[in-house]
Each structure stands twice: as C-alpha cells, then as structure tokens.
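*Asks:* Everything in the sequence shown is counted per the numbering used here, starting at 2 for the first residue and increasing by one.
We treat Cβ as the ideally placed atom computed from N, Cα and C, and that holds for glycine.
Keep in mind that this is a model prediction, so the values were computed, not measured.
Have a look at this one.
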Amino acid sequence: MMYETDVMEGMAKAVENSYVVCILYSKSYKESLHTKCEAQYAYHEKKPILFLRAQRGYVPDGWLGFMMGTRLYIDISGKYPFEDKFIELCKRIDVYKKQSIDQLSNHCQNKPIEVNTNSIA
2 MMYETDVMEG
12 MAKAVENSYV
22 VCILYSKSYK
32 ESLHTKCEAQ
42 YAYHEKKPIL
52 FLRAQRGYVP
62 DGWLGFMMGT
72 RLYIDISGKY
82 PFEDKFIELC
92 KRIDVYKKQS
102 IDQLSNHCQN
112 KPIEVNTNSI
122 A
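Pasting the structure below:
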C-alpha cells in the first residue's frame, strides 16, 4: 500500500509543478486507475492538457472520451512521421510555456515586495 501512496503523491507533485500536462493515451491508459486520477487532478487544477494518441486507431470513450471532448490531439501512434508530430508537440508546449511565463510575470508585477527590517543587522 505504501508503494501506491508514493506513486500517487509523485503523480500529484508532477501535475502541480507543470505548466502543461501531456497525456499519451491508449486503451491501457484509460483502464489504469492511477492515470485516471492523474488526468482528473490535472483537469481539477486547471492545467492545460495536451492529448497524444499513442495507440493507432484507438478512440477514447468513457471518462477519457468525456475529458477530451472535442479537443484536438496529436497522433504519435505511428500513422504519421514521428518527427513531424514531435515538432508539433514542441510548438504547442512552447505556447503554454510562454503563457505560463507571462502569467508569472504579471503575478510578480502586481505583488508588492515585502521587506522585513527586523532581520537586518
């Protein structure tokens, strides 16, 4: 049971520390409780999610189909040249990275700097 707690904790920290979550989905991904929890947590935390189809021809249903809705996905199942899809993935990640940096910059600009003069010797 300790292993499962460690896995879930690690997955939660990975989601919390990310500016985008990439989900490589397949039938086995959909059937895993851990990956379902991770995807739901990313959704709950309002993290941008990029879906990548890893199993050729797989059409998600159930909770995964619901989560994907009409979102676009990148097909890395081998149907198309991987290099082309990798470039597409990098471009999409760069968009989210820029948005994350912009949000952080705006947050820092709007937050006053506090100086604790009691600790200065």
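Under the DSSP definition of a beta bridge, which residues are partnered with Val96?
*Replies:* Mapped onto the sequence shown, residue 96 falls at position 95. According to DSSP, which records beta bridges pairwise, Val96 is partnered with nothing at all.
*Asks:* Could you tell me the alpha carbon to alpha carbon distance between Arg54 and Cys23, rounded to whole angstroms?
*Replies:* Taking the sequence shown and counting its residues from 1, one reaches residue 54 at position 53. Taking the sequence shown and counting its residues from 1, one reaches residue 23 at position 22. For Arg54 and Cys23, the distance between alpha carbons rounds to 10 Å.
*Asks:* Going by DSSP, what residue range makes up the alpha helix (DSSP H) through Leu34?
*Replies:* As a working mapping, residue 34 is identified with position 33 in the sequence shown. Note, Leu34: alpha helix (DSSP H), 34-45.
*Asks:* For Leu73, count neighbouring C-beta atoms within 10 Å of its own C-beta (all shown protein chains included) and say buried if the count is 16 or more, exposed if not.
*Replies:* Within the sequence shown, the letter at position 72 stands for residue 73. Exposed, because fewer than 16 other Cβ atoms sit within 10 Å of the Cβ of Leu73.
*Asks:* What number of angstroms, rounded off, separates the C-alpha of Val16 from the C-alpha of Ala43?
*Replies:* Working through the sequence shown from its first residue, we reach residue 16 at position 15. Working through the sequence shown from its first residue, we reach residue 43 at position 42. Whole-angstrom Cα-Cα distance: 6 Å.
*Asks:* Given this structure, state the Cα-to-Cα distance separating Asp147 from Ser33, to the nearest angstrom.
*Replies:* It is not possible to answer for residue 147, since the shown part of the chain is limited to 2 through 122.
*Asks:* Specify whether the stretch 77-88 and the stretch 47-62 touch according to this definition: at least 3 beta carbon pairs, one from each stretch, less than 8 Å apart.
*Replies:* Verdict: yes, contact present.
*Asks:* Rounded to whole angstroms, what's the CA-CA distance from Asp85 to Gly63? Just pull it up for me.
*Replies:* If you number the sequence shown from 1, residue 85 lands on position 84. If you number the sequence shown from 1, residue 63 lands on position 62. Roughly 30 Å separates the two Cα atoms.
*Asks:* Which one of Phe52, Lys47, Cys38 has the shortest CA to CA distance from Glu10?
*Replies:* On the sequence shown, position 9 is the one that residue 10 refers to. The candidate whose alpha carbon is nearest that of Glu10 is Cys38.
*Asks:* Hey, out of Ala40, Ser29, Ser27, whose CA is closest to Ser19's CA?
*Replies:* Here residue 19 is taken as the residue at index 18 of the sequence shown, counted from 1. Nearest C-alpha to Ser19: Ala40.
*Asks:* Could you give the C-beta distance for Ile75 and Leu90, rounded to a whole number, given that I count them as a contact under 8 Å?
*Replies:* The residue given as residue 75 occupies position 74 in the sequence shown. The residue given as residue 90 occupies position 89 in the sequence shown. With a Cβ gap of about 6 Å, Ile75 and Leu90 count as contacting.
*Asks:* In its own chain, which residues sit with a C-beta less than 7 Å from the C-beta of Pro61, not counting the 5 before and 5 after it?
*Replies:* Working through the sequence shown from its first residue, we reach residue 61 at position 60. Within the same chain, Pro61 has close Cβ partners Tyr26, Lys31, Met69.
*Asks:* Could you tell me the boundaries of the beta strand (DSSP E) in which Leu25 lies?
*Replies:* Locating residue 25 in the sequence shown gives position 24, where the first residue counts as 1. Its beta strand (DSSP E) spans residues 22-26.
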